[in-house]
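With this note's numbering, the residue at position 34 of the sequence shown is 43, and numbering never jumps. Beta carbons are placed, not taken as given, at the ideal position from N, Cα and C, and that holds for glycine. This structure is a prediction, so every number in the text was calculated from the model and none was measured.
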Amino acid sequence: MNRLPRIVVKKNGNAAAFKKEKLERSLKAALRHAGLEERVSSNVLRSILAELAKMHTAQITTEDIRSAVIRALNESGFHAAADAYDFAFLRVAKSPLTQVIKRNGAVAEFHPYKIFKSLKKSLRDAGINDPAKAESLT
């Protein structure tokens with residue numbers, strides 16, 4: 010395996026050491042949230058680490074990691090876990106909305122992630138595969 014990146018540049022521009030353990034914890038949390046067994050994470054983690062190592066760079070961004078994790082989860086058939094991981098990255102300002110009224114008149118809890126997911130799908134259908142764009146629009 011090639012060398013893993015050593016530095017992660019976060020969204021706010023701060024840099025931190027790359028920690029495989031932190032990636033593994035977040036991956037397991039996404040699998041747990043999706044109702045999947047955490048033991049499947051070792052194969053997915055190996056796939057993610059291999060992809061990151063292939064980048065041949067000492068420094069990566071959190072968006073690089075996000076993309077690699079989501080791609081590995083989707084390619085492994087864990088779509089619900091990919092959505093859960095994607096949701097963990099979503100940073101939406103606190104909304105005063107707590108409920109929505111559906112077309113059928115039913116009242117449901119408001120979830121900003123559903124708006125993000127819908128925007129992401131619409132952008133992807135338009136040929137724009139940019140989760141950060143969907144996040145900024147949300």
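Report buried or exposed for P14, applying the criterion of at least 16 other Cβ atoms within 10 angstroms of its Cβ.
As a first step, residue 14 is located in the sequence shown; it is residue number 5 there, counting from the start. Classification for P14: buried.
Does the stretch 109–119 touch the stretch 54–61, meaning 3 or more C-beta pairs lie closer than 8 Å?
Flag = no, the stretch 54–61 and the stretch 109–119 do not touch.
DSSP state of I110, grouped into three classes?
Counting from one through the sequence shown, the residue named residue 110 turns up at place 101. In the structure shown, I110 sits in a strand (DSSP, three-state: E or B).
Taking the alpha carbon of E84 as the reference point, which residue from R34, N52, K29 has its own alpha carbon closest?
For this step, residue 84 is matched to residue 75 along the sequence shown. Minimum Cα distance to E84 is reached at N52.
Are there 16 or more other CB atoms within 10 angstroms of the CB of S145, so buried, or fewer, so exposed?
Within the sequence shown, numbered from 1, the residue matching residue 145 stands at position 136. By the neighbour-count rule (16 or more Cβ atoms within 10 Å), S145 is not buried but exposed.
Nearest by alpha-carbon distance to E118: which of A91, S127, Q108, D95 is it?
In the sequence shown, counting from the first residue as 1, residue 118 sits at position 109. It is Q108.
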